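Notes follow the structure.
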Amino acid sequence: MNRLGTVKLLTLATVALALALPATAAAEPVAHGSIINGRGATVEEFPSLAYIEAHQGKAGFSCTGTVVSPRVILTAAHCIEDLERGGFTPASQYAVATGTTTPSKALRQNVFRVVETHVYPGFDPGGLHGDAGVLILDRPTGAPPIAMAGSGDAALYEGGAPVQLAGWGVTRANAEDAPESLRATSMVVQKPTLCKQKTRNDRPNYSPALQMCTLDTPTKKSGGCFGDSGGPAIGVRPDGVPLELGVISTGGAFCSTKLPNVLTRVDVISGWVSEWIAATESGGPRPVLDPKTPFPLMTKPVAEEFAVLTLQDHFGSRFSGHVYGNCRRASQSRFRCEVAWRSGRNIYGGTVSPFYLRQQDAVTWKSHFRIEWAPLKCLRSNAPNCPIHVRRG
Numbered sequence: 025m026n027r028l029g030t031v032k033l034l035t036l037a038t039v040a041l042a043l044a045l046p047a048t049a050a051a052e053p054v055a056h057g058s059i060i061n062g063r064g065a066t067v068e069e070f071p072s073l074a075y076i077e078a079h080q081g082k083a084g085f086s087c088t089g090t091v092v093s094p095r096v097i098l099t100a101a102h103c104i105e106d107l108e109r110g111g112f113t114p115a116s117q118y119a120v121a122t123g124t125t126t127p128s129k130a131l132r133q134n135v136f137r138v139v140e141t142h143v144y145p146g147f148d149p150g151g152l153h154g155d156a157g158v159l160i161l162d163r164p165t166g167a168p169p170i171a172m173a174g175s176g177d178a179a180l181y182e183g184g185a186p187v188q189l190a191g192w193g194v195t196r197a198n199a200e201d202a203p204e205s206l207r208a209t210s211m212v213v214q215k216p217t218l219c220k221q222k223t224r225n226d227r228p229n230y231s232p233a234l235q236m237c238t239l240d241t242p243t244k245k246s247g248g249c250f251g252d253s254g255g256p257a258i259g260v261r262p263d264g265v266p267l268e269l270g271v272i273s274t275g276g277a278f279c280s281t282k283l284p285n286v287l288t289r290v291d292v293i294s295g296w297v298s299e300w301i302a303a304t305e306s307g308g309p310r311p312v313l314d315p316k317t318p319f320p321l322m323t324k325p326v327a328e329e330f331a332v333l334t335l336q337d338h339f340g341s342r343f344s345g346h347v348y349g350n351c352r353r354a355s356q357s358r359f360r361c362e363v364a365w366r367s368g369r370n371i372y373g374g375t376v377s378p379f380y381l382r383q384q385d386a387v388t389w390k391s392h393f394r395i396e397w398a399p400l401k402c403l404r405s406n407a408p409n410c411p412i413h414v415r416r417g
């Protein structure tokens with residue numbers, strides 16, 4: 025269950041518009057689930073699909089999501105929470121494109137910034153139970169929202185229902201890049217007993233009450249692979265209304281098409297998603313974060329990344345990007361990083377302390393910093409009155 029690491033589909037113009045970030049990105053293999061032996065798909069077939077791209081310095085990843093309201097995108101929790109390094113990808117690092125099958129050709133008006141991210145409170149990274157989350161966009165998308173499965177749709181999870189899976193993931197297990205166009209495939213929802221049997225080696229904690237699985241039966245030639253995490257399994261109600269039954273979470277080892285794709289049951293999480301839709305679109309009460317929920321463990325790579333983002337935000341072009349420093353743990357959710365860099369005629373140095381905090385009803389991150397700088401030539405001359413500037417935040 026890794027997010028696709030190679031991010032290069034959105035054009036420089038669209039990424040700059042949405043994020044004001046550089047368009048270069050290197051591989052950071054971290055999501056599972058795209059379309060092996062699938063077919064090309066169209067916007068008309070899947071009008072509610074959303075391409076999700078996140079940048080982390082020069083690295084990044086991509087996932088898939090669905091438009092469930094004008095400003096709310098449903099995706100996988102592990103597309104928000106970094107399970108390998110710990111912590112969360114900042115909302116400011118995301119760009120979302122809708123209304124296109126080819127993200128590199130997305131129109132500017134169809135590329136959106138993300139202002140909030142929220143992980144389903146029942147998410148269990150170990151068993152991938154409740155692997156769902158939402159992205160809140162900066163403005164409404166014109167893509168039509170898809171209906172979500174609810175408590176009245178339980179029969180569609182009992183096995184035999186045809187579904188469509190779609191996304192922008194790799195088309196073979198050893199591929200380094202995602203395809204540039206949307207792909208889809210037809211699958212069948214499997215019986216809960218078969219899902220548990222088929223996943224017992226890779227996913228011994230499979231829970232029929234929280235998860236569903238699909239297979240390309242009877243041929244077993246198509247299935248999921250890296251890069252389509254967060255994408256939908258779309259079924260049809262008896263009255264003909266299409267709806268999202270599942271959120272793609274993980275797949276078989278080495279993208280085997282003989283093993284089932286595992287998805288989060290949307291009927292389980294749709295009530296929580298609907299609360300975020302009401303809060304975002306109608307000003308309803310925001311879902312309350314359990315105050316007993318522990319902060320995630322901040323890891324050193326995440327702390328270093330947050331420190332760099334802080335310096336970029338507050339020093340702009342005066343931050344060279346080539347920072348020298350060392351981060352030491354202060355607590356489970358806080359680091360203290362000593363940093364230094366040179367830019368122009370000045371030398372900069374000080375500390376950045378990134379930490380997690382609760383802000384209203386969400387866990388987010390922030391940094392305090394104290395940076396001093398002075399002319400390098402003056403410091404080297406040991407002059408007694410070198411001008412030293414200080415900035416705190």
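If you're matching positions, the sequence shown starts at 25 in my numbering and goes up one per residue.
Built from N, CA and C at the ideal position, the CB exists for glycine as well.
For clarity, every value in this text was computed on a predicted model and none was experimentally measured.
*asked:* According to DSSP, simplified to helix, strand and coil, what is I412?
replied: The sequence position of residue 412 within the sequence shown is 388, counting from 1. Coil at I412, not helix or strand.
*Scan the region 319-383 and note each continuous beta strand (DSSP E) run of 3 residues or more that stays entirely inside, going in chain order.*
348-355, 358-367 and 370-383
_Residue range of the unbroken beta strand (DSSP E) whose run includes A173_ = Position 149 of the sequence shown, counting from 1, holds the residue named residue 173. Unbroken run through A173: none, as it is neither H nor E.
*Tell me whether Q214 sits in a helix, a strand or coil according to DSSP, three-state version.*
Along the sequence shown, one-based indexing puts residue 214 at 190. Here Q214 sits in coil by DSSP.
*Just the C-alpha distance for M172 and G259, rounded to the nearest angstrom, thanks.*
Locating residue 172 in the sequence shown gives position 148, where the first residue counts as 1. Locating residue 259 in the sequence shown gives position 235, where the first residue counts as 1. Cα to Cα, the separation comes out at about 10 Å.
*Consult DSSP for I293 and reduce its assignment to one of helix, strand or coil.*
What you label residue 293 is simply residue 269 of the sequence shown in a count that begins at 1. Helix, per DSSP.
*Collapsed DSSP secondary structure at K222 in the structure displayed*: What you label residue 222 is simply residue 198 of the sequence shown in a count that begins at 1. Here K222 sits in helix by DSSP.
*Opening and closing residue of the alpha helix (DSSP H) in which R404 lies*: The residue you call residue 404 lines up with position 380 of the sequence shown. From DSSP, the alpha helix (DSSP H) with R404 extends over L400 to R404.
*asked:* Taking contact to mean 3 or more Cβ pairs, one atom from each stretch, closer than 8 Å, check whether the region 115-133 and the region 228-241 are in contact.
replied: no
*Count the other CB atoms within 10 Å of the CB of D155; is the residue buried (16 or more) or exposed (fewer)?*
Here residue 155 refers to the residue found at position 131 when the sequence shown is read from its first residue. Counting Cβ neighbours within 10 Å, D155 comes out buried, since at least 16 surround it.
*Straight-line gap, P408 to V376 (C-alpha atoms, nearest Å)*: Position 384 of the sequence shown, counted from the first residue, corresponds to residue 408. Position 352 of the sequence shown, counted from the first residue, corresponds to residue 376. Using only the alpha carbons, I get a separation of about 27 Å.
*Quick one: complete beta strand (DSSP E) runs, 3+ long, within the region 56-140?*
73-80, 83-93, 96-99 and 118-122
*Assign L180 to one of three DSSP states: helix, strand, or coil.*
Within the sequence shown, residue 180 is the residue found at index 156, counting from 1. Note: L180 maps to helix in three-state DSSP.
*Do you know how far the Cα of G157 is from the Cα of F343?*
Position 319 of the sequence shown, counting from 1, holds the residue named residue 343. Position 133 of the sequence shown, counting from 1, holds the residue named residue 157. F343 and G157: Cα-Cα distance of roughly 33 Å.
*Mind checking which residues open and close the beta strand (DSSP E) that includes L152?*
As a working note, residue 152 is residue 128 in the sequence shown. Careful: L152 lies outside any beta strand (DSSP E) and carries neither H nor E.
*Could you tell me if N285 is buried or exposed, where buried requires 16 or more neighbouring beta carbons within 10 angstroms of its beta carbon?*
In the sequence shown, counting from the first residue as 1, residue 285 sits at position 261. Per the 10 Å Cβ criterion, buried.
*Does the region 365-379 come close enough to the region 327-334 to have 3 or more Cβ pairs within less than 8 Å?*
yes
*asked:* Taking the straight line between their C-alpha atoms, what separation do you get for C351 and G340?
replied: Numbered from 1 along the sequence shown, position 327 holds the residue referred to as residue 351. Numbered from 1 along the sequence shown, position 316 holds the residue referred to as residue 340. Spanning the two alpha carbons is a distance of roughly 21 Å.
*Can you tell me which of the three DSSP states S205 falls into?*
The residue you call residue 205 lines up with position 181 of the sequence shown. Coil.
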